[in-house]
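Per our numbering: the sequence shown = residues 104 to 282. Idealized CB from N, CA, C, for every residue including glycine. Worksheet: the structure to be examined is printed underneath.
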Amino acid sequence: MPRFVAFLRAINVGGHIVKMDRLCRLFETVGLTNVESFIASGNVLFDSKKSPASLEALIEKGLEKSLGYEVITMIRSASEVDQIVDHVDRDKLADGDGITLYVGLLKSAPTSAAARAVEAMSNDVDTLVIDGRELYWRCNKRFSDSTIQGPKLGKALGVPITTRNVTTVRKLAKKLSPA
């Protein structure tokens, strides 16, 4: 059965605290199987035969009903997570001392104009690259030194985004791989 990861936006931040065992149970109540969470930042792995778009709708509806607030969900298949890691390795995005790389998982691909506007925000500290439904954000210093502000980035993208450190994405890729 196909394996997926749901990247949940705004879980365990801003007062929206959900214990991971409860989150897994909520995924099971909407019919998903082999459910497990990975760290408390809103990463949930599961099996399903449904399409990613129908999974996003199913999970968002179920979580909003149970939690009382919207939880924007970005679904990626095991192969899509592998492709993200391959992109990072191929382009050596995470190479270098003091480099931190973040992957922004987008709800959908931004328009070409939005992608150009976001990439134009790149500077000496931050390099932003859009590839389909992913944003690769290379921070050449500490993230606290970044001049890019989340709300400004989100507005420029025009689509919902949730961000993970590349280390988390690599670990998820390993967990998604068949044993």
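Element boundaries [alpha helix (DSSP H), containing residue i]
i	result
I187	181-193
G165	155-170
Distance between residue j and residue i (C-alpha atoms, nearest Å)
i	j	result
D234	S182	16 Å
A276	V184	6 Å
R179	P254	24 Å
C288	D227	Any question about residue 288 goes unanswered here, given that the chain covers just 104 to 282.
R215	V191	Contrary to the premise, residue 215 reads as Ser rather than Arg in this sequence. About 21 Å.
E237	I187	8 Å
L256	P105	32 Å
A197	L204	6 Å
M123	D194	34 Å
L279	F107	7 Å
R125	R267	22 Å
F130	I120	16 Å
I142	K274	10 Å
G201	T230	14 Å
P213	A223	14 Å
P281	N146	18 Å
S144	Y172	17 Å
S225	K258	15 Å
P155	W240	24 Å
For residue i: DSSP bridge partner residues
i	result
M177	F110
D150	R106, T136
Boundaries of the beta strand (DSSP E) in which residue i is found, first to last residue
i	result
G55	Coverage of the chain is limited to positions 104 through 282, which leaves residue 55 absent and any answer about it impossible.
Cβ of residue i within 8 Å of any chain B Cβ
i	result
P213	No chain B appears in the structure shown, which is made up of a single protein chain.
For the region 211-279, list the beta strand (DSSP E) runs that are entirely contained and at least 3 residues long, ordered along the chain. Those beta strand (DSSP E) runs which fall completely within the region 211-279 and span 3+ residues are 229-234, 237-242, 264-268.
With a threshold of 8 Å, are at least 3 pairs of Cβ atoms found where one atom belongs to the region 149-162 and the other to the region 242-254? No, the region 149-162 does not touch the region 242-254.
Contact the region 208-224 vs the region 255-273: 3+ CB pairs below 8 Å: The region 208-224 makes contact with the region 255-273: 3 or more CB pairs, one atom from each, lie closer than 8 Å.
Tell me, please, whether the region 152-169 touches the region 136-144 by the rule of three or more beta-carbon pairs shorter than 8 Å. The region 152-169 vs the region 136-144: no contact.
Counting Cβ pairs, one atom from each stretch, are 3 or more of them under 8 Å apart for the region 169-178 and the region 111-125? By the Cβ criterion, the region 169-178 is in contact with the region 111-125, since at least three pairs of Cβ atoms, one from each stretch, lie closer than 8 Å.
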